[in-house]
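First comes the structure, then the notes that go with it.
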Amino acid sequence: MTAVLAKVPNPAIEEATPFEANSIYELIREDILGGRLGANERLKVSALAARYGSSTNPVREALQQLRGEGFVVIAPNRGARVREIDENFVRDIFEMEVLIEPYLTSWFVSLATDGDIAELEAIQDEIEALNFSDQSRHNALDTRFHRVFYDRHYNRHAVDLWWKHREILGAISRNFRFSLHRKAAILSEHRELIAALKAHDAILCGEIIARHVRGSGLHIVEQMRAQRPR
């Protein structure tokens, strides 16, 4: 009888599962956004694998993905380093969102139902009742509000890109408080969106969301500049 030898996994050569690679990507990204991996810090694959208790393949995949998103710079013979999360980085993201979100929002106008409008109004009522007293709760409600517009869109790549950018900007903005001016603008622009949706005005909806996104992005940039060492 021929003995069957069990295969012993080798973490150094094992293929990464999609779940593992995604998890490592998220962990590295959060550490970059949270400042635990600092600007220009060298990212050694072996050290990151030890840090996150992973094999090296998912770390390599994660670094390539983070490079594509601008978080990591990889130079020949110098390896990977953390890109500084500065005003230019935020500007690049919100300028892309100014293009993506009007496209997603305008399309929604053609299929919005009375139920959708009622849901948006109910969420907005909660946002206004909360009045920014709980930042985490506000962010969750704000996300629900915008997902009503985007979740049914056929272009999942565009929706996924919106979501990824929203996560990035949300992580960065956790370090800042809304100004009184920005609070008023958020509440007003949400109500304007609902009114334009009721009027079936896709062009106006696109214009409002573009202004909404630009205002949020500029607010983050202003806060970053205010905290910059002089």
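The opening position of the sequence shown corresponds to residue 1 in UniProt numbering, with each subsequent residue numbered one higher.
Every residue gets a Cβ at the ideal spot worked out from N, C-alpha and C, and that includes glycine.
Here the structure is a predicted model, which means the values were calculated and not measured.
In terms of CA proximity to residue 191, 121 leads the group 157, 214, 27, 121. Distance from the CA of residue 107 to the CA of residue 166, rounded to the nearest whole angstrom, comes to 19 Å. Fully contained in the segment 77–126 are the following beta strand (DSSP E) runs of length 3 or more, in chain order: 79–82. Taking C-beta atoms as the reference points, residue 162 and residue 207 fail to come closer than 8 Å.
Apart from the 5 residues on each side of it in sequence, residue 156 has no Cβ closer than 7 Å to any other Cβ in its chain. Put simply, the backbone Cα of residue 187 is about 31 Å away from that of residue 32. Of the other Cβ atoms in all chains shown, fewer than 16 fall within 10 Å of the Cβ of residue 74; this residue is therefore exposed.
Only residues of its own chain outside the window of five on either side were considered, and among them 187 have a CB closer than 7 Å to the CB of residue 128, listed in chain order. Where residue 75 is concerned, the enclosing beta strand (DSSP E) starts and stops at 72–75. Rounded to the nearest whole angstrom, the C-alpha separation of residue 34 and residue 201 is 40 Å. Taken through DSSP and simplified to helix, strand or coil, residue 43 comes out as strand.
One thing to note: residue 105 has its Cβ no nearer than 8 Å to the Cβ of residue 145. Closest by C-alpha distance to residue 57, out of 176, 25, 71, 125, is 25.
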